Amino acid sequence: MIRIFEEYANKTATIDIKLMLDSHGVQPRRGGGTWAVGSIQALMRNTHYIGYWDYTDKRTGETVRVDCPRLLSSALWSKVEATRKVYAERRSGGNAVRHFYLLRGLLRCSHCGTLLSGLFRPNVGNGLYYCPKKEREWTKRPPEKEEKWKRGRVCKMTRSLNVNETDELVWDTVLEVMSKSHLLKENLKTETFEKFGKAALTEKQVAGHKTRISALKKQVKQNVQALAMLETNRILERIAEEQYPLIRANITAEKVETESEIERLQEEIDGVARNKRWVNWIERFQKRLQEHKLFTPAQRKTFLEGMLTSIEVELVAPNVHKLTINFELPVVEDGIEYLDPKRKTKGYRLREGVQSVTVEGAARQYGKKKRAREFT
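Per my numbering, the sequence shown starts with residue 135, numbered consecutively.
Structure below.
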C-alpha cells in the first residue's frame with residue numbers, strides 16, 4: 135500500500151499505478167478483478183492512512199476526529215497532498231483540457247508506454263494525438279545543447295496522429311468487430327430467448343411434442359363426435375332447447391383450443407417458431423448496432439471505455455502508425471463450431487476469439503488514410 139502512495143507522490147500517472155498493480159496481481163479490497171482509477175484516487179484522500187478520520191453526526195452536524203493506527207509518515211502524506219494540489223490546479227487552471235478527445239486515456243505509446251495527449255490546432259481546425267514524453271522529459275531534465283533537437287531522442291514516436299481520422303477509424307473498427315462477433319450475438323440471443331423462449335427443441339422434446347399432438351388429435355376427433363351426437367339429440371329432442379347453445383359453445387371452444395395447441399406444437403417441430411425468434415434476435419442485434427452509430431461523442435467515449443482496455447500506438451514507418459486495439463473480451467474473429475456439421479440441430483459451441491485487432495497505417499498527419507487490418 136505504501137508503494138502506491140510513493141508512486142503517486144513522485145507524480146506517477148494514476149493509470150500507470152493501476153497497470154503496475156494489475157500486472158503484479160495485486161487485487162483491490164473488493165476482491166477479484168482489476169483496479170479502478172477512481173479507487174486509487176480515493177486512496178489518496180483517505181485520512182485513515184495518516185492516523186485519523188472525521189465523523190459527522192447527521193442529527194447535530196457536529197464533527198469529531200477519531201484517531202486510528204497510522205500507516206504513512208507525515209512527510210509522505212505531505213508529498214501526496216502536494217501532488218494532489220498540482221493535479222487539481224491543472225484540472226481547474228490554464229492546463230485543463232479544453233477540447234474533447236474521444237480516445238484520450240485509451241491511446242498509449244508502444245515505444246515508451248506513455249499515454250498519448252491531445253493537441254488542438256485552431257489554425258487548421260483539427261487536432262492531433264501525440265506522445266508527450268519528450269516535453270515532459272524536457273521539463274524534468276533539459277537536454278544538452280547538441281541533443282536538444284535530435285529527433286527520437288526520448289521516444290521513437292516522432293509523428294502525431296490526426297484526431298478526426300484516428301477517432302473515425304477506431305470507432306468503425308470496433309463496430310465492425312462487434313457486427314461479426316458470435317460471442318456478442320450469443321449474449322444477445324441468450325438475453326432474447328430468456329424473454330421469448332428457448333431457441334430450439336431437443337430430439338427428446340420433439341418426440342414428446344409428437345406424442346402430445348397424437349393425443350390432441352384424438353381429442354379433436356372426440357369433440358367432432360360430441361358435436362354430431364349433440365346435433366342428433368337436439369333433432370330427436372332428447373335435450374332441452376335452452377341447453378343446446380351452451381353445450382355446443384363449450385364443445386366448440388374446446389375443439390378450437392385443442393386445434394390451436396396442435397398448430398403451435400407442430401410449428402415448433404417444423405422450426406417456424408424458432409425462425410420467428412431467430413429473426414427477432416437478429417433484428418435486435420442489428421438495431422443495437424444502428425443505435426451505436428447514432429451515439430453522441432460523449433456516449434461513444436463511455437462505450438469505448440467499456441469495450442476496450444487500451445489502444446497501443448506504434449510508429450512503423452515515417453508516416454504510418456500501427457494501432458493495436460485491445461478489447462475486454464475475446465470477440466475478435468470468434469466463431470461457432472457445430473457439434474455435428476451434418477446434423478446442425480444437435481447444437482454448437484462457441485470458438486473463442488482473440489482480444490486485439492491491429493490496424494496498420496491507420497492514421498497519418500498528412501496524406502490519404504490506409505486501412506489494412508490484421509488480427510492478433
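All residues carry an ideal CB built from backbone N, CA and C; glycine is no exception. Just so it is clear, the structure is predicted and the values come from calculations on it, not from any experiment.
The alpha-carbon of Q489 is positioned some 6 Å away from that of V465.
As computed with DSSP, C243 is found in a beta bridge with V447. With fewer than 16 other CB atoms across the displayed protein chains lying within 10 angstroms of its CB, M135 is exposed. Straight-line spacing of the CA atoms in I396 and K352 works out to 11 Å. Rounded to whole angstroms, the separation of the alpha carbons of L205 and L155 is 19 Å.
Inter-segment contact for the region 343 to 363 and the region 466 to 483 is absent: fewer than three beta-carbon pairs are separated by less than 8 Å.
Under the three-state reduction of DSSP output, D156 falls in the helix class. Two segments are said to touch when three or more pairs of C-beta atoms, one from each, lie closer than 8 Å; by this definition the region 371 to 380 does not touch the region 420 to 428. Counting only the Cα atoms, R137 lies some 30 Å from M441. Per DSSP, the unbroken beta strand (DSSP E) holding G261 starts and ends at 260 to 264. Taking a C-beta distance under 8 Å as the contact criterion, L253 and L262 qualify as a contact pair.
Approximately 11 Å separates the beta-carbon atoms of C243 and K268; this is outside 8 Å, ruling out the contact.
With respect to E467, T443 sits apart: the two C-beta atoms are not nearer than 8 Å.
Distance from the CA atom of A147 to the CA atom of S294, rounded to whole angstroms, is 21 Å. Here L303 is near V493, since their CB atoms are less than 8 Å apart.
At a Cβ-Cβ threshold of 8 Å, W187 and V200 count as neighbours. Between the C-alpha atoms of E320 and G481 there is a straight-line separation of about 13 Å. If you draw a 10 Å sphere on the C-beta of A362, you find fewer than 16 other C-beta atoms in it, and that means exposed. Spatial neighbours of K145 in its own chain (CB-CB distance under 7 Å, excluding positions within 5 residues in sequence) are listed in chain order as T217.
Sequence-distant partners of L484 (beyond 5 residues in either direction) whose C-beta falls short of 7 Å from its own C-beta, in its chain, are H316, L317, E320, D468, I470.
For S212, the closest alpha carbon among the candidates T181, T197, L240 is that of T181.
As a beta-bridge residue in DSSP terms, D188 pairs with R199. G487 carries a coil assignment under DSSP once its states are collapsed to helix, strand and coil.
Straight through space, the alpha carbons of L473 and L241 are spaced by roughly 40 Å.
Spatial neighbours of M291 in its own chain (CB-CB distance under 6 Å, excluding positions within 5 residues in sequence) are listed in chain order as C243, H245, C265, L449.
Around the beta carbon of V198, fewer than 16 other beta carbons lie within 10 angstroms, which makes this residue exposed. For N260, the CB contacts under 7 Å within the same chain, skipping 5 residues up- and downstream, are N296, V297, N298 in chain order. A direct Cα-Cα distance of roughly 42 Å separates A349 from K421. Going by beta carbons, Y142 and V214 fall inside the 8 Å limit.
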